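Residue numbers (my numbering), protein chains in the order written: chain A, 5 to 503; chain B, 975 to 1288; chain C, 13 to 340; chain D, 10 to 337; chain E, 3 to 280.
Ideal Cβ positions, reconstructed from N, Cα and C, are used throughout, including at glycine.
Since the model is a prediction, treat every value here as computed from it, not as a measurement.
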Ligand SMILES: Nc1ncnc2c1ncn2[C@@H]1O[C@H](COP(=O)(O)OP(=O)(O)OP(=O)(O)O)[C@@H](O)[C@H]1O
Ligand SMILES: Nc1ncnc2c1ncn2[C@@H]1O[C@H](COP(=O)(O)OP(=O)(O)OP(=O)(O)O)[C@@H](O)[C@H]1O
Ligand SMILES: [Mg+2]
Ligand SMILES: [Mg+2]
């Protein structure tokens, strides 16, 4: 990883054009942020609003997936044993209120993250943070943490201004304590958030835009109508249907990459027929992922016929178990498990329309092998509560935003994983995942995760369905905006508008 | 008059307390809670426990209620557990939008419906009367959210004349503001117009049978004078009662219409609060809606007294 | 008239106040004094007429007498027993012996029941068997002159006069001893009115009923009653034999009432006492004598003191300062 | 024709038609009214009295289901032939109308003064303050004390008698030469009735307007009317000056009415008219009273007796009275 | 009764409403025989096809036949109507009659409860109740039932109060008829007509509410062929396929229209005073 990130203007097609300064860019997302505190927020929607007000030590590389580059950090070293990180900060960074950003702010911020709890486990291994001088931070870990840089690059692990935090009584829900390319002007919940250019941003010449307006428009049709009517510049997240519609709209460009948002059927391995591996396998064979992709996602998602990791990263191309549906095999497996006539089961879903739709198709598909599915829809809050308490038999949900393979696997498939809702346990998998965490060697790590994936797919605690495309629509006047698998608006700092 | 208003306000207090109790305890019957809603996909039992005790959700419910209602009396509705925003400021942000939507719908509906109702009564028994009767019946039967959807389909998606949703505040200019509310107002106001028209018609028919109308005729008053001077104001008395009932419909309907047209009003806030199990926000919203309802009804009663002097209060 | 009957009904200081307004604590703060300290008695087989203008408390008195309303205070003896002291059950038993005839016969019959069912109802309530009921009703129907083939009809299929006959038949079905008739002919046309009045007289003759006959029409009262009481604004102002009342009315109100009633004899010159003003509100009656605001003879004392209920001559009661002073 | 003649009604018919039946509410009515005369129109409920007034004011006859025929000359012009616009100029201006029920005849949402002032405003194009002063004058004239404050009050602040006075003021505000009063005192108490009747006679004396007074009370007729017309089932059955009618009634119906009325001081047993009035839609040929008439004979069943003169100023519609005339 | 029917018969709107309701009942009962397709069968090939001879009302995003779903949807609407209105009618009437007949503190208590429930907009209350109970058809019926209970309570109370003071009640009492008998023989039959009118009107409301709650995602389960659910999912597709949004909406409107006009017609027919529209 090298040098200054500003030279690379991401995926912008027209790199030959010269950037133009000024203008107001309007960008729409599904929902409004809940609050603006980077250390407190958990929803991806909130991130998109917050990240442009803050800087992080590292960042995800524009247009690339899983690659980390420096941001506030000018230079750094990692000790051989992977336990000591020495970071040197840029010396010209100022918070929006004019205070300089120094090593003590970094220390304060990491400590605040730990205190706030939400992402504390990413810093579980931190032993000490030292600040030998104003621009140097030394972080010492108890043991090596392979994805530690990825954690530091998480846009919500931002560096905040201690003075502002304290002025707000420790709360940043409505305030801006950042040093990022834009500063907060106003925020009207569910209407719009207005940001303006940070004139003393530490990256010379950036940002280009004078103003950024975020709008929360939950209805996808309303969003796509608005961008067609040029009331918007960017529609950040398109549904498959809207992508189809907007592909042919004039003056609008749709860009998409394979995203990190993958969806699956969760099977509660602690209950009823699903205790049996054969039954779970049978379901995996009975589901037609391609048909599902066509029906629910207009064929635009990438079916996951192997493990959960989408192509392009720690993906294992050889693991391609379920590329074809096999109902005969499924029926055989059910008969072997003692359910020759199938059984009835409840499939719980939340409010996500794609998942609700998928549930209806899956109900139809499982009928073919004799499994009678009752769909039960709940409100998200009730739904997630039930999942957390393992009060479900089958469910359809998805995960989003993981960058490192450890994030993909440990919390979900490890016996003690925080989000192991399926109740899945496999000693061998546990061991592999623990090993992967502390292995710094990339190649070795890939081997470990390939093996773990194979075991997981065989045990079938989940039926992996597909990884979604991340599609963004923008008017032709928008340049330099990065459509990233992790869905981020971070590249607004180098986005510009042509006339 | 002032005394009457005061009297009405005093009567409203027990109702509001009843509502506060009802909502407070009802909401706590709701499965799932704020914390799960906040954590969503990233639900983690340990973290959830920590958040619950921070929010005081582990205390006895009665105590929670007393603390809350005590604060409410001092004008503090608490903060939204979901967004961290003070509930009162969230409500004050939304209230104008819902009020504008509801009142605009009401006013437009009345302006159209009352003359139509009077004409239908005057021409009663004719084809025009039957036509307006059928139209009125459709008006109260068509679901407002469907009407809204159709309007979007036609005027936004096909004709590209109007924005399909979103709210433009008055600060963006009255034209923009009205443009953003045009379809919502039609969707919400149609039923009100229909109901008002029907009740104006039947009230007018009743009034036209009254002795004082015969008396006016016997005095030599012209038909126009009988209808518009002697008839209308009397007919408005029962109509105002119906309008008062419509306020409830308007506030309830705005929950749906705000959802259809993505208007950030109180209805939408309530819906979000419900799905986020945002207790203090939901309590505040419901209480606010009830207060709004009672206040508007009070205003209507005052107008009522102005129309009908025999119930004017000393 | 013959005054040797034994007193059958006696009321002492009877009062009925209806609450009309509540103060802010929900306590009753204002009352209509519908009946305000009235005392009189009715003998067995006698008809007492009660006359007065609208709202003076005639109907309320009638209802009190049958204990359809509980009095605010005062006592009420029926055949020697104080009704206000009776248990519910005992009162219910007594109820058989006293009945009400209503002014509006149509409103007093359930519009959804055939008159047959309506006639059966009181008898059923007291547990009479079906045969006895049918026989009783047949006799009654004959007596009031309604053809028995009409029994299956509904109230709206009858004329007002017929309905009042049915109403009378129903009230008499339980063979009561005492009947309160509350303006039984006020809703009827003049050609029908006489039919009903005659019928009531005939029935009384046959069964020795005791009547309280209420009307605002002095000529009707005159025709029906043995004795007459005149009410004004919740008070009884005069009570005496029929002849005495018409020949020498003592109370100024009675005099005015008598002179105001239009007589169907043209040019019979009569001295009219025109009362000024109108009946005051019963919620805020005038102090002292209630009538003093309209009385042509009112004096200072009338505003200060309520006149007492005094027997001026044998059986002739009056409540008036002026009259009482003149006699002293 | 007589110069004094104000109203000359000839063969007036007013029917209400519906799909099922035709109600002949007024059937071939003829009568006259002189200036300064009070003509009483008496009859029982439903005999067509109100319909007569409505026909004269042309408040009916504008819809298909209302059928109107005949002539009604008022000051020489036929009211029945006038257009609605022309009638608007006459109503309230030349013909004043006093309604039966003062309680509901005043518009509750306008002040009393406003409602009276409306009359000169409409008919004399009087300016606002001029009209208001006329209204005040009228209120004073009908004996409402404190008229300046009262004019600014609403109907619910008036008592029954005051409302009726206000209605009379309204009827007189246009200075009419004909006053039609439809049971102006039926809803009032006797003492108030006496006041209102007195007022009406006084006003007649002052203005010399002709008055058509509708009532069902023979007593009222005897007290205030100059002449009487008795109506039965949509027709006039007898017409005569008051004295003549009460002392020498000719028609059996009139006689029956007089005999069935209780009279104060007279103990005579009432002689009721048997039966009840006919339905106005089931009429057959012959005399309408024949079913109830004790003297009815064959001719009565088949031939309808015309209203004919039996003495100067006295007309009756009975075969018997005509025969008696013929036999002279 | 005959008179009522005679008056009703002349109201064209009311008669057509009645005919449509009968039709709806027949459709609901014989849905299986009438529907041209299975309402649940999906077809990737036939998704979002417009109205044609094989799919009169077109297909939805899963290729399901919209006409068949509307036909099956009539079952849901009628079921919701019957149960929800049944619940509110019975509970509300009992509450109202008790309040009106007994008076005193019982009346005050019940009236205050209805006041409180009335100060909240129906939909909001239904939403909260649905949130408590969780989305399902049974809960939906219960929620709507609860929301419309106060209306019946109020009407019943008002009617009882109206009749309680009427002369024939006093007459029956004066003749020794016991109070409970009076309630049963005189009061109940006489308060029935306003309640029956309200039943039909509430039926219309119930259908609308089901649709509205399902539209907001708090109604019945998402694969149920309910008109509200159909409209709710149509919102995403209507730009591509107008028929997904138009036909279910028409079905709701017509059903609600019918119940409303029957209610209206009944009100006029049962109350001879409103002889306004002859
Ligand atoms: N249930 C009641 N509640 C309150 N006030 C009542 C009630 N019943 C009667 N009153 C009042 O009591 C007074 C006397 O009424 P009541 O009916 O006894 O008079 P009345 O002489 O029979 O009059 P009318 O001739 O009009 O029948 C009136 O002012 C009336 O308004
Ligand atoms: N608009 C109408 N349509 C049909 N029938 C009517 C109408 N108005 C009156 N009638 C009938 O015409 C007849 C006469 O009615 P009218 O009102 O003239 O009687 P009335 O003598 O004034 O009676 P009352 O003394 O009760 O006022 C009655 O049988 C009545 O039912
Ligand atoms: Mg009375
Ligand atoms: Mg009349």
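Legend entry - Exposure label - residue 140 of chain E; buried when at least 16 CB within 10 Å: One-based indexing of the fifth chain puts residue 140 of chain E at position 138. Looking at its Cβ environment, which holds fewer than 16 other Cβ atoms inside 10 Å, residue 140 of chain E is exposed.
Inset, instruction - Could you pull the start and end residues of the beta strand (DSSP E) that residue 118 of chain D belongs to? - result: Here residue 118 of chain D is taken as the residue at index 109 of the fourth chain, counted from 1. No beta strand (DSSP E) contains residue 118 of chain D, which DSSP labels as neither H nor E.
Inset, instruction - With DSSP as the reference, label residue 219 of chain A as helix, strand or coil. - result: Looking up residue 219 of chain A in the first chain gives position 215. In this structure, residue 219 of chain A counts as strand in the three-state DSSP scheme.
Legend entry - Partners in chain C for residue 13 of chain E, counting only beta-carbon separations shorter than 8 Å: For the purposes of this step, residue 13 of chain E is taken as the residue at position 11 of the fifth chain. By Cβ distance, chain C contributes nothing, its closest Cβ being about 22 Å from residue 13 of chain E, past 8 Å.
Inset, instruction - Would you check whether ligand 3 has a heavy atom nearer than 8 Å to the C-beta of residue 195 of chain C? - result: Stepping through the third chain from its first residue, residue 195 of chain C is reached at position 183. Checking every heavy atom of ligand 3 against the Cβ of residue 195 of chain C, one is found closer than 8 Å.
Inset, instruction - Using 8 Å as the cut-off, classify the Cβ of residue 243 of chain C as near or not near the heavy atoms of ligand 1, replying yes or no. - result: As a working mapping, residue 243 of chain C is identified with position 231 in the third chain. The answer is yes for residue 243 of chain C.
Legend entry - Proximal residues of chain E, C-beta to C-beta of residue 95 of chain C below 7 Å: Along the third chain, read from residue 1 onward, the residue named residue 95 of chain C stands at position 83. Correct list: empty, because the minimum Cβ distance to chain E is about 13 Å.
Legend entry - Closer than 8 Å: residue 310 of chain D CB and nearest ligand 3 heavy atom: Taking the fourth chain and counting its residues from 1, the one referred to as residue 310 of chain D is at position 301. Not so, every heavy atom of ligand 3 lies at least 8 Å from the Cβ.
Legend entry - Under the three-state DSSP convention, the category residue 1283 of chain B falls into: Residue mapping note: residue 1283 of chain B aligns to position 309 of the second chain, counting from 1. Residue state, collapsed to three classes: helix.
Legend entry - Near ligand 3: residue 45 of chain C beta-carbon under 8 Å from a heavy atom: Along the third chain, one-based indexing puts residue 45 of chain C at 33. No, the beta carbon of residue 45 of chain C sits no closer than 8 Å to any heavy atom of ligand 3.
Inset, instruction - Entirely within the region 17-79 of chain C and at least 4 residues each: give me those alpha helix (DSSP H) ranges in chain order. - result: 70-77
Legend entry - Reduced DSSP category for residue 66 of chain E - H, G, I as helix; E, B as strand; rest coil: Counted from its first residue, the fifth chain places residue 66 of chain E at position 64. In this structure, residue 66 of chain E counts as coil in the three-state DSSP scheme.
Inset, instruction - Please check if any C-beta of chain B sits within less than 9 Å of the C-beta of residue 127 of chain D. - result: Taking the fourth chain and counting its residues from 1, the one referred to as residue 127 of chain D is at position 118. Answer yes: the Cβ-Cβ gap between residue 127 of chain D and chain B drops below 9 Å somewhere.
Legend entry - Beta carbon proximity, residue 1230 of chain B to chain E, threshold 9 Å: Position 256 of the second chain, counted from the first residue, corresponds to residue 1230 of chain B. True, the Cβ-Cβ gap to chain E drops below 9 Å.
Legend entry - Interface positions of the region 229-244 of chain C facing chain D (Cβ-Cβ less than 7 Å), listed along the chain: 230, 231, 232, 234, 235
Inset, instruction - Return the chain-ordered ranges of every beta strand (DSSP E) run that is complete within the region 1154-1199 of chain B and spans a minimum of 3 residues. - result: none
Legend entry - Continuous alpha helix (DSSP H) stretch holding residue 398 of chain A: start and end: Taking the first residue of the first chain as position 1, residue 398 of chain A is located at position 394. Where residue 398 of chain A is concerned, there is no enclosing alpha helix (DSSP H), although the beta strand (DSSP E) it sits in stretches over 398-403.
Legend entry - Residue closest to residue 1068 of chain B, alpha-carbon to alpha-carbon, out of B/1277, B/1259, B/1275: Mapped onto the second chain, residue 1068 of chain B falls at position 94. Nearest C-alpha to residue 1068 of chain B: B/1259.
Inset, instruction - Could you pull the start and end residues of the beta strand (DSSP E) that residue 190 of chain D belongs to? - result: Counting from one through the fourth chain, the residue named residue 190 of chain D turns up at place 181. From DSSP, the beta strand (DSSP E) with residue 190 of chain D extends over 187-191.
Inset, instruction - Inspect the beta-carbon positions of residue 320 of chain D and residue 249 of chain D and report whether they are closer than 9 Å. - result: If you number the fourth chain from 1, residue 320 of chain D lands on position 311. If you number the fourth chain from 1, residue 249 of chain D lands on position 240. Yes.
Legend entry - Sequence-distant residues of the same chain with beta carbon closer than 7 Å to residue 1200 of chain B, five excluded per side: Here residue 1200 of chain B is taken as the residue at index 226 of the second chain, counted from 1. Excluding positions up to five away in sequence, the list reads 1187, 1190, 1191.
Legend entry - Contiguous beta strand (DSSP E) assignments of at least 3 residues, all confined to the region 415-442 of chain A: none
Legend entry - Residue-chain proximity (residue 247 of chain E, chain C), Cβ-Cβ < 9 Å: The residue given as residue 247 of chain E occupies position 245 in the fifth chain. Residue 247 of chain E does not count as touching chain C.
Legend entry - 9 Å Cβ cut-off: residues of chain E touching residue 380 of chain A: The count along the first chain starts at 1 and reaches residue 380 of chain A at position 376. Those within 9 Å of residue 380 of chain A in chain E are 136, 137, 138, 223.
Legend entry - Beta-carbon neighbours of residue 7 of chain E, restricted to chain B and to distances below 8 Å: Counted from its first residue, the fifth chain places residue 7 of chain E at position 5. The contacting residues do not exist; residue 7 of chain E stays about 21 Å from chain B at best.
Inset, instruction - Might you give, ordered along the chain, the residues of its own chain that have their beta carbon closer than 7 Å to the beta carbon of residue 10 of chain D, omitting 5 neighbours on each side? - result: In the fourth chain, counting from the first residue as 1, residue 10 of chain D sits at position 1. Any reading at residue 10 of chain D must be qualified, since the residue scores a pLDDT of 49, below 50, and its modelled position is unreliable; the value itself is stated next. Hits under 7 Å: none found.
Legend entry - Beta-carbon neighbours of residue 1139 of chain B, restricted to chain A and to distances below 7 Å: For the purposes of this step, residue 1139 of chain B is taken as residue 165 along the second chain, with counting starting at 1. Here the neighbours are 221, 223, 226.
Inset, instruction - Taking only beta-carbon positions, decide if residue 15 of chain D is within less than 9 Å of chain C. - result: As a working mapping, residue 15 of chain D is identified with position 6 in the fourth chain. It does not; no Cβ of chain C falls within 9 Å.
Inset, instruction - Put residue 1253 of chain B into one of helix, strand or coil per three-state DSSP. - result: In the second chain, the residue the question calls residue 1253 of chain B occupies position 279. Of the three classes helix, strand and coil, the one that applies to residue 1253 of chain B here is helix, per DSSP.
Legend entry - Status (buried if at least 16 other CB within 10 Å, exposed otherwise) for residue 483 of chain A: For the purposes of this step, residue 483 of chain A is identified with residue 479 of the first chain, where counting begins at 1. Buried, because 16 or more other Cβ atoms sit within 10 Å of the Cβ of residue 483 of chain A.
Legend entry - Distance, residue 183 of chain A Cα to residue 93 of chain A Cα: By one-based count along the first chain, residue 93 of chain A stands at place 89. By one-based count along the first chain, residue 183 of chain A stands at place 179. Rounded to whole angstroms, residue 93 of chain A to residue 183 of chain A spans 13 Å at the Cα level.
Legend entry - residue 1274 of chain B at chain E interface by Cβ criterion, 9 Å: The count along the second chain starts at 1 and reaches residue 1274 of chain B at position 300. No, because no Cβ of chain E sits closer than 9 Å to the Cβ of residue 1274 of chain B.
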